[in-house]
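Here's the structure, in structure tokens; my notes come after.
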Ligand code: NAD
Ligand code: GLY
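Residue numbers (the numbering used here): 1 to 365.
Below, the structure is given as structure tokens:
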């Protein structure tokens, strides 16, 4: 804790030796951006979108008075996380003649953060990068850990790089303007940490689900900090997903199939929520998961305003979408599967009929 302006904040460190970086978490911390990141260079490119820029760009600009600022806005939506829009940001960097000693700042949700990170990773072979995540999902997941990407028309996040930021500034005050739906998407990722890593945190979430739904700032700050702690520990142990980091993909193989099937109606966090139910259902069918604990998972997801049932989709589509997952090896599906609340494993799954049975059990009639 610190500080000169009497604002209380927490710091979580992502431990990656000389590339370690802080995640600053607090309310109204946007105004303290330069104090938290004193190494910010003179020339900065802020990438955002019109929705977020209208709400938070003035405060960021004010905090950065004295810097040379260029702002590039992409449109609002997953479709802007594309090579075309990545190219347009590069055009801006070139047009303004930004040098290698500039920094890129992502101000927005996961879409802005993923694209901005890929820009930072590749402009002049890599420039400094800072994240100011403004959605709950970005604050607890996408801004931390260095996965950057844009989508290919045939697959999500297919073009990208691991590239760590130099710092992450989480202003919990930004969440006051988030829609209920986007807020719930962040809760899905928070629940994920409880399922894969921390039974005690899961139980805490059950006790505080009503507080979280009411956006109680004390509960929210704890949930964000604990989520960042867990993500930092996992990323610190396995930065490039050779092992344990894959567990962060609980529900994602199923979820990506739902997103690919119907991008327009499903948000990432909603699809992951249903995917976590499917993964649990699969283990239940295999008699490798406790029925009462499976019911707790479904109940908590439901209490957080998230869907627990998938849309109807032909079996062939499920299979082909799931086989595009980045965890597929030698043509074999590998799924992150919970073994208990607080523990999960990455497993090769050869039994498609069992997987499909779990899908059907989790699908609307
Ligand atoms: P998003 O970036 O599209 O943001 C959701 C909506 O909230 C948008 O309309 C945005 O304009 C709006 N918004 C953002 N901040 C706001 C605020 N404070 N107040 C009001 N509105 C606000 O979506 P997301 O859920 O943040 O991120 C999803 C993306 O993140 C996906 O592309 C997904 O692939 C990616 N992701 C990446 C990682 C990673 O590790 N890099 C992890 C998880 C998800
Ligand atoms: N969101 C998954 C990861 O960062 O690995």
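All residues carry an ideal CB built from backbone N, CA and C; glycine is no exception.
For the pair of segments examined, the segment 53-64 was found not to touch the segment 192-211: the number of CB pairs separated by less than 8 angstroms stays below three. For residue 36, no beta strand (DSSP E) segment is defined; the enclosing uninterrupted segment is the alpha helix (DSSP H) at 33-36. Per DSSP, the beta bridge partners of residue 151 are 82. Between residue 268 and residue 185, the CB-CB gap stays under 8 angstroms. A distance criterion of 7 angstroms places the beta-carbon of residue 154 beyond contact range of the ligand NAD, judged by its closest non-hydrogen atom. Not one heavy atom of the ligand NAD lies closer than 7 angstroms to the C-beta of residue 235.
Residue state for residue 49 is assigned as coil, using DSSP reduced to three classes.
In terms of CA proximity to residue 165, 114 leads the group 212, 136, 157 and 114. Partner residues in a beta bridge of residue 213, as assigned by DSSP, do not exist.
Between the ligand GLY and residue 229, a heavy atom-to-CB distance of less than 7 angstroms is absent. Within its own chain, the residues whose Cβ lies closer than 8 angstroms to the Cβ of residue 92, once the five positions on either side in sequence are excluded, are 45, 70 and 72, listed in chain order. With contacts defined as CB atoms closer than 8 angstroms, residue 212 and residue 175 fail to qualify as a contacting pair. Under the three-state reduction of DSSP output, residue 250 falls in the coil class, being neither helix nor strand. Comparing alpha carbon positions, the residue from 86, 344 and 296 closest to residue 116 is 86. Per DSSP, the continuous beta strand (DSSP E) segment holding residue 108 begins and ends at 103-108.
CA-to-CA, the gap between residue 229 and residue 221 works out to about 12 angstroms.
For residue 361, the closest alpha carbon among the candidates 149, 322 and 308 is that of 308.
Note on residue 9: 16 or more other CB atoms within 10 angstroms of its CB, so buried under the neighbour-count rule.
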